[in-house]
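Beneath this line is the structure, given in structure tokens, with notes to follow.
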Amino acid sequence: MYKYKNLNMADPKNLYFFLKWAVVSYPALHYLLILSGHGCPLVGVMPDFCQESPFLMGLPEMCQTINYFYQETGRLIDLLILDICSMNYLEIIYELGQDKEPSVRYLLTYKGDGPLVGLPYHLIIYEMQRRCKDRAVEPVANLVKGIVSRFNLNLVAFFIDHNKCQRIKELVRKFAYTWLLYFNLQQTLDRFNAFNLSDLLQDYEKALKQELLSLALCQNSNSPSNNPLEIMKTRTENWDFLRLYSQFSFHQDNFWLHLLNADFLQTSALVMEAKEAKAKNKMKPLIMTPNMIRQYLKAVNPEFDQNKLEMVYQQLRIYKKWVDS
Numbered sequence: 140m141y142k143y144k145n146l147n148m149a150d151p152k153n154l155y156f157f158l159k160w161a162v163v164s165y166p167a168l169h170y171l172l173i174l175s176g177h178g179c180p181l182v183g184v185m186p187d188f189c190q191e192s193p194f195l196m197g198l199p200e201m202c203q204t205i206n207y208f209y210q211e212t213g214r215l216i217d218l219l220i221l222d223i224c225s226m227n228y229l230e231i232i233y234e235l236g237q238d239k240e241p242s243v244r245y246l247l248t249y250k251g252d253g254p255l256v257g258l259p260y261h262l263i264i265y266e267m268q269r270r271c272k273d274r275a276v277e278p279v280a281n282l283v284k285g286i287v288s289r290f291n292l293n294l295v296a297f298f299i300d301h302n303k304c305q306r307i308k309e310l311v312r313k314f315a316y317t318w319l320l321y322f323n324l325q326q327t328l329d330r331f332n333a334f335n336l337s338d339l340l341q342d343y344e345k346a347l348k349q350e351l352l353s354l355a356l357c358q359n360s361n362s363p364s365n366n367p368l369e370i371m372k373t374r375t376e377n378w379d380f381l382r383l384y385s386q387f388s389f390h391q392d393n394f395w396l397h398l399l400n401a402d403f404l405q406t407s408a409l410v411m412e413a414k415e416a417k418a419k420n421k422m423k424p425l426i427m428t429p430n431m432i433r434q435y436l437k438a439v440n441p442e443f444d445q446n447k448l449e450m451v452y453q454q455l456r457i458y459k460k461w462v463d464s
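Just so you know, we're using our numbering here: the sequence shown kicks off at 140 and counts up by one.
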């Protein structure tokens with residue numbers, strides 16, 4: 140372990156090298172990958188504060204790395220466990236399911252928040268050993284259902300299905316386009332009777348909810364949330380966030396991002412920049428902004444008030460000698 144102590148845990152290339160090492164060193168019929176820790180919803184996971192700057196692995200980059208690993212090796216990740224809060228988003232599912240042959244079969248994560256201590260891995264291993272003896276037709280699906288039912292946690296599991304992902308994206312695209320059209324008509328033609336568009340919006344919304352539910356394999360019945368899968372729907376003027384969020388493939392040939400910000404031209408430019416960046420396929424970690432670090436510290440220490448949070452952040456910045464993180 141000492142040999143690898145300086146590896147950047149947030150670097151997608153190191154995730155790729157780890158996956159290649161694992162399948163060569165431990166060949167198996169089925170593979171389970173667990174990524175654990177705290178992250179920033181719809182931005183990134185696996186922060187590393189032990190480098191010259193504070194780094195974060197972008198969620199699109201994480202998914203692209205797993206996809207690239209499958210394309211290069213043909214080795215499928217049967218079960219991806221994201222032991223990280225707020226990872227039950229359509230944008231992540233689509234990133235994994237955009238190819239005709241997805242790199243992952245099932246995703247298991249939390250509906251919103253999970254416990255600070257994470258999942259009990261020893262019990263997951265026990266469940267795996269027990270299920271292996273069953274000789275079931277669908278051993279991975281049965282394992283997932285067993286984990287969800289065994290633990291009284293806010294868990295949900297999803298299929299990674301290419302066809303369903305494409306149908307959902309098309310519904311979202313039409314919904315967003317119709318909404319933008321309806322909104323513009325309301326703004327420019329006060330007397331225009333747009334009841335047909337209003338009805339159409341309701342139809343799209345109903346169909347979208349049904350499709351989102353169809354991606355869920357199972358979920359904990361004791362969960363306070365009835366929505367297993369979320370989608371970003373909060374309007375924002377935070378361009379730092381939007382620049383990172385636009386990197387999801389879900390936004391290519393889509394209008395959803397335009398619903399989240401009123402500046403149509405600037406939002407369109409972000410999508411084009413993301414498309415060009417993705418074409419270059421450079422797997423690099425993100426450098427965390429001060430606000431990202433503060434959010435992370437708050438997630439790990441929810442009892443901190445604003446003054447305590449700022450004090451810890453400044454002490455960390457000085458200790459790590461971060462000039463401008």
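The C-beta atom is built at its ideal place from N, Cα and C for all residues, glycine as well.
With DSSP as the reference, label D222 as helix, strand or coil.
Translated into positions along the sequence shown, residue 222 becomes position 83. Correct three-state label for D222: strand.
Runs of 4 residues minimum, wholly inside the region 409 to 440: which ones carry the alpha helix (DSSP H) assignment?
429 to 439
With 16 as the cutoff for other CB atoms within 10 Å, does N359 come out buried or exposed?
Numbered from its first residue, the sequence shown carries residue 359 at position 220. With 16 or more other Cβ atoms within 10 Å, it is buried.
Three or more C-beta pairs below 8 Å linking the region 227 to 241 and the region 188 to 196:
Touching, no.
Under the three-state DSSP convention, the category F290 falls into
For the purposes of this step, residue 290 is taken as the residue at position 151 of the sequence shown. Reduced to three states, the DSSP call for F290 is coil.
How big is the Cα-Cα spacing for E350 and L255?
For the purposes of this step, residue 350 is taken as the residue at position 211 of the sequence shown. For the purposes of this step, residue 255 is taken as the residue at position 116 of the sequence shown. So the alpha carbons of these two residues sit roughly 31 Å apart.
From A296, F290, Q268, L292, pick the residue whose C-alpha is nearest to that of A280; which is it?
For the purposes of this step, residue 280 is identified with residue 141 of the sequence shown, where counting begins at 1. Of A296, F290, Q268, L292, the residue nearest in Cα terms is A296.
Using a Cβ-Cβ cut-off of 8 Å (strictly less than) and excluding sequence neighbours within five positions of V162, which residues of its own chain qualify?
Here residue 162 refers to the residue found at position 23 when the sequence shown is read from its first residue. Same-chain partners within the cutoff: Y170, T212, R214.
Between T317 and chain D, is there a C-beta pair that is closer than 7 Å?
Among the chains of the structure shown, chain D does not appear; only one protein chain is present.
Candidates E234, E277, I216, of which the one nearest L172 by Cα:
Numbered from 1 along the sequence shown, position 33 holds the residue referred to as residue 172. The shortest C-alpha separation from L172 is found at I216.
What are the partner residues of E369, as DSSP defines its beta bridges?
Start at 1 with the first residue of the sequence shown, and residue 369 comes out as number 230. Partner(s): Y228.
First and last residue of the uninterrupted beta strand (DSSP E) at D300
Against the sequence shown, residue 300 aligns to sequence position 161. Where D300 is concerned, there is no enclosing beta strand (DSSP E), given that its DSSP letter is neither H nor E.
Counting pairs of beta carbons, one from the region 446 to 453 and one from the region 178 to 190, are three or more of them closer than 8 Å?
no
Taking 8 Å as the threshold, find out whether the region 283 to 293 comes into contact with the region 261 to 270 through three or more Cβ pairs.
yes
Quick check: the Cα distance between R470 and C271, rounded to an integer number of angstroms?
What is shown of the chain runs 140 to 464, which leaves residue 470 out entirely.
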